[in-house]
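In order, the protein sequence lines correspond to chains L and S.
One gets the numbering used here by counting positions in the first sequence from 1 and adding 203 to each.
One gets the numbering used here by counting positions in the second sequence from 1 and adding 203 to each.
Glycine included, every Cβ here is placed at the ideal spot set by N, Cα and C.
Have a look at the structure below before the remarks.
2 protein chains.
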Amino acid sequence: MHILVIGAAGMVGRKLLARLVDDGGLGDRPIERLTLVDVVMPTAPEGFSGAVSALEADLSAPGQAETLVATRPDVIFHLAAIVSGEAELDFEKGYRINLDGTRVLFDAIQRANAEDGYRPRLVFTSSIAVFGAPLPFPIEDDYHTTPLTSYGTQKAICELLLADYSRRGFFDGIGIRLPTVCIRPGVPNKAASGFFSNILREPLVGKEAILPVSEEVRHWHASPRSAVGFLIHGATIDLERVGPRRNLSMPGLSATVGEQIEALRRVAGDKAVRLIRREPDPMIMKMVAGWAPGFTATRATALGFKAETSFDEIIRVHIEDELGGRL
Amino acid sequence: MHILVIGAAGMVGRKLLARLVDDGGLGDRPIERLTLVDVVMPTAPEGFSGAVSALEADLSAPGQAETLVATRPDVIFHLAAIVSGEAELDFEKGYRINLDGTRVLFDAIQRANAEDGYRPRLVFTSSIAVFGAPLPFPIEDDYHTTPLTSYGTQKAICELLLADYSRRGFFDGIGIRLPTVCIRPGVPNKAASGFFSNILREPLVGKEAILPVSEEVRHWHASPRSAVGFLIHGATIDLERVGPRRNLSMPGLSATVGEQIEALRRVAGDKAVRLIRREPDPMIMKMVAGWAPGFTATRATALGFKAETSFDEIIRVHIEDELGGRL
Numbered sequence: 204m205h206i207l208v209i210g211a212a213g214m215v216g217r218k219l220l221a222r223l224v225d226d227g228g229l230g231d232r233p234i235e236r237l238t239l240v241d242v243v244m245p246t247a248p249e250g251f252s253g254a255v256s257a258l259e260a261d262l263s264a265p266g267q268a269e270t271l272v273a274t275r276p277d278v279i280f281h282l283a284a285i286v287s288g289e290a291e292l293d294f295e296k297g298y299r300i301n302l303d304g305t306r307v308l309f310d311a312i313q314r315a316n317a318e319d320g321y322r323p324r325l326v327f328t329s330s331i332a333v334f335g336a337p338l339p340f341p342i343e344d345d346y347h348t349t350p351l352t353s354y355g356t357q358k359a360i361c362e363l364l365l366a367d368y369s370r371r372g373f374f375d376g377i378g379i380r381l382p383t384v385c386i387r388p389g390v391p392n393k394a395a396s397g398f399f400s401n402i403l404r405e406p407l408v409g410k411e412a413i414l415p416v417s418e419e420v421r422h423w424h425a426s427p428r429s430a431v432g433f434l435i436h437g438a439t440i441d442l443e444r445v446g447p448r449r450n451l452s453m454p455g456l457s458a459t460v461g462e463q464i465e466a467l468r469r470v471a472g473d474k475a476v477r478l479i480r481r482e483p484d485p486m487i488m489k490m491v492a493g494w495a496p497g498f499t500a501t502r503a504t505a506l507g508f509k510a511e512t513s514f515d516e517i518i519r520v521h522i523e524d525e526l527g528g529r530l
Numbered sequence: 204m205h206i207l208v209i210g211a212a213g214m215v216g217r218k219l220l221a222r223l224v225d226d227g228g229l230g231d232r233p234i235e236r237l238t239l240v241d242v243v244m245p246t247a248p249e250g251f252s253g254a255v256s257a258l259e260a261d262l263s264a265p266g267q268a269e270t271l272v273a274t275r276p277d278v279i280f281h282l283a284a285i286v287s288g289e290a291e292l293d294f295e296k297g298y299r300i301n302l303d304g305t306r307v308l309f310d311a312i313q314r315a316n317a318e319d320g321y322r323p324r325l326v327f328t329s330s331i332a333v334f335g336a337p338l339p340f341p342i343e344d345d346y347h348t349t350p351l352t353s354y355g356t357q358k359a360i361c362e363l364l365l366a367d368y369s370r371r372g373f374f375d376g377i378g379i380r381l382p383t384v385c386i387r388p389g390v391p392n393k394a395a396s397g398f399f400s401n402i403l404r405e406p407l408v409g410k411e412a413i414l415p416v417s418e419e420v421r422h423w424h425a426s427p428r429s430a431v432g433f434l435i436h437g438a439t440i441d442l443e444r445v446g447p448r449r450n451l452s453m454p455g456l457s458a459t460v461g462e463q464i465e466a467l468r469r470v471a472g473d474k475a476v477r478l479i480r481r482e483p484d485p486m487i488m489k490m491v492a493g494w495a496p497g498f499t500a501t502r503a504t505a506l507g508f509k510a511e512t513s514f515d516e517i518i519r520v521h522i523e524d525e526l527g528g529r530l
């Protein structure tokens, strides 16, 4: 089969590719061909023996979506987006990349469907940012989406398009509302949510990390490994079981920052915990106060999507996948 | 003040204009100027002494939204849309008129806002079609929008844009989710929902009407007079009270077809009821089964939006407004 990954150079995209190569296929079908696209040139995954096309391209550029769809991939993972902070700072760019980029892709598929019945599986990464405060805890599957950021708005709109285009039979779409991915590998970045990962990842390798909020803050997490698992399951699940409501809040772990820290203590000891420096940041505290504390994820769980059930497990996944299994 | 009505030739548009002229102003401000737009040439309302510009135009045509926004109306009523059935039959036209038409209007206002701080009040008519079966009864204000038509999808997307553009301060928007408007004046049309009005309007003037569903069907109604009242209230309400969740399910009356018929009997007697001919239509029955049975409309009611509380009242409103007050 032929798989197209849009947003292939990002953290989740690279981990997805590694997993696909490891698995040697998707579902019970071998992968013969990969097409990788991102705004920075994606790297071919190691160990893949099939054909790889890598492309540095902006999906919202004229003709780009048509070019990709012309290769008739069987499965499309659409992970590309500019992040929340950038979409908020640059109104025009956020709508162009996150909304129009997705819509031109969907419309290119619709035209291909009209031409020759082409109907790929399409896995779209949405976000819990489609929800906006005030929020109950836990958030039920039928709670309304009232985003308080342009990023969340763009994701919620793409969810609606995905459900309608799927209902009309243009493609077989599924929208995956990712929890905050924790522990993000790499170096501390400026994302407002970065501290959730920083306070674990940095102390695990003996480095200091800054905690800008109180230990009472509760949020919704899943590991990068689980995030990739959601995408794979979304690409292979029987969509008859999902029905017309194609956008699913994924399972995850609801935990306070205090619970994160206690898990770090159990896994890596007091020495690691002492590397967390409290530096309250009123702006980050205000933003985080509006974020989702947790979900029931009843439908996704019943449909077989799986995440970690403790922060100890999330930390162990990081140690296995990023630190070679050892502290 | 200057008021722009987009969709001014439609039933609700014409009634809104008549009400504005009757009231002699909007809130406590007199109306000096009206700009009326529709795809068919709108008629100036009788008895208005100010300036009227009427325009036959398609909002989605290049430059059209800019031209309208260049006149800097203080209040914009955006009522224009192609109906559910047509949006379902013509995929491209539905998205072009109902989604792109709205977005080019919003974007033209955004650019005007960036230029000179222009920030009009914008009242958008949404629809209970943003909800899709299976639905609880009653539907709470925080229930998710999972439309099962392209029309409902387009309305739900416009709601998200309206909330985000309002949050960013480009305009002061409010989305009004109209119940099914009953009794629609005029002649029976082919809309699947037409029978809700036909079975009352036609017998009231001694004509036969066809009932294609069972008397157990429950749906959500408000009179044309109430619909106009919602729009006027939406144009004048203090939006600080509404907060960031700008799209409101309007109050209405939840009634079964049987209850409609009993109200007709009380108001116009058995003779009128005998003019209703049962002709079950499996296709209409299937469509109607997915429609909203009723809402709590808690927020809108608390914010002062008002509708009828009995079908007797809805019928009396029709007799007063359409039949000169007499049967």
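- Within the same chain, 354, 394 come within 8 Å of residue 286 of chain L by CB-CB distance, once the 5 residues on both sides are set aside.
- Neighbourhood of residue 347 of chain L in chain S, by CB distance below 7 Å: 345, 346, 347, 348, in chain order.
- Annotation: residue 408 of chain L to residue 477 of chain L spans about 13 Å, alpha carbon to alpha carbon.
- Approximately 10 Å separates the beta-carbon atoms of residue 238 of chain L and residue 270 of chain L; this is outside 8 Å, ruling out the contact.
- Contact with chain L is found for residue 356 of chain S, since one of that chain's Cβ atoms lies less than 8 Å from the residue's Cβ.
- The criterion of a C-beta distance shorter than 8 Å is not satisfied by residue 373 of chain S and residue 326 of chain S.
- Rounded to whole angstroms, the gap between the alpha carbons of residue 211 of chain L and residue 417 of chain S is 54 Å.
- Non-local beta-carbon contacts of residue 378 of chain L in its own chain, meaning distances under 6 Å to residues more than five positions away in sequence, involve 327, 329, 362, 365, 449, 450 in chain order.
- Put simply, the CB of residue 366 of chain S is near chain L, with a gap under 8 Å to one of its CB atoms.
- Counting every other CB atom within 10 Å of its CB across the protein chains shown gives residue 458 of chain L a total of 16 or more, marking it as buried.
- Chain-ordered, the chain L residues with CB closer than 8 Å to the CB of residue 353 of chain S read 367, 371.
- Interface annotation for the segment 446 to 459 of chain L against chain S: 447, 448, criterion Cβ-Cβ distance under 7 Å.
- The Cβ atoms of residue 229 of chain L and residue 438 of chain L lie closer than 8 Å to each other.
- Under a criterion of Cβ atoms nearer than 8 Å, the residues of chain S adjacent to residue 360 of chain L are, in order, 360, 363, 364.
- Membership of residue 224 of chain S in the alpha helix (DSSP H) is indicated by the continuous run 214 to 226.
- For residue 208 of chain S, the pairing in a beta bridge is given by DSSP as S/239, S/280.
- In the DSSP annotation of this structure, the continuous segment of the beta strand (DSSP E) that includes residue 450 of chain L starts and ends at 450 to 452.
- Counting only unbroken stretches of 3 or more residues, the beta strand (DSSP E) elements lying wholly within the segment 276 to 320 of chain L are 278 to 281, in sequence order.
- In this structure residue 498 of chain S touches residue 455 of chain S by the C-beta definition: roughly 7 Å separates them, less than 8 Å.
- The beta-carbon of residue 294 of chain S is placed less than 8 Å from the nearest beta-carbon of chain L.
- For residue 465 of chain S, the enclosing alpha helix (DSSP H) begins and ends at 460 to 476.
- Residue state for residue 395 of chain S is assigned as coil, using DSSP reduced to three classes.
- Annotated three-state conformation of residue 436 of chain S is helix, per DSSP.
- Straight-line spacing of the CA atoms in residue 528 of chain S and residue 320 of chain L works out to 57 Å.
- Here residue 355 of chain S carries a helix assignment [DSSP, helix/strand/coil].
- Counting of Cβ neighbours within 10 angstroms places residue 426 of chain L among the buried residues, the total reaching 16 or more.
- The criterion of a C-beta distance shorter than 8 Å is not satisfied by residue 381 of chain L and residue 412 of chain L.
- Of all C-beta pairs linking the segment 396 to 410 of chain S to the segment 512 to 527 of chain S, three or more are shorter than 8 Å, placing the two stretches in contact.
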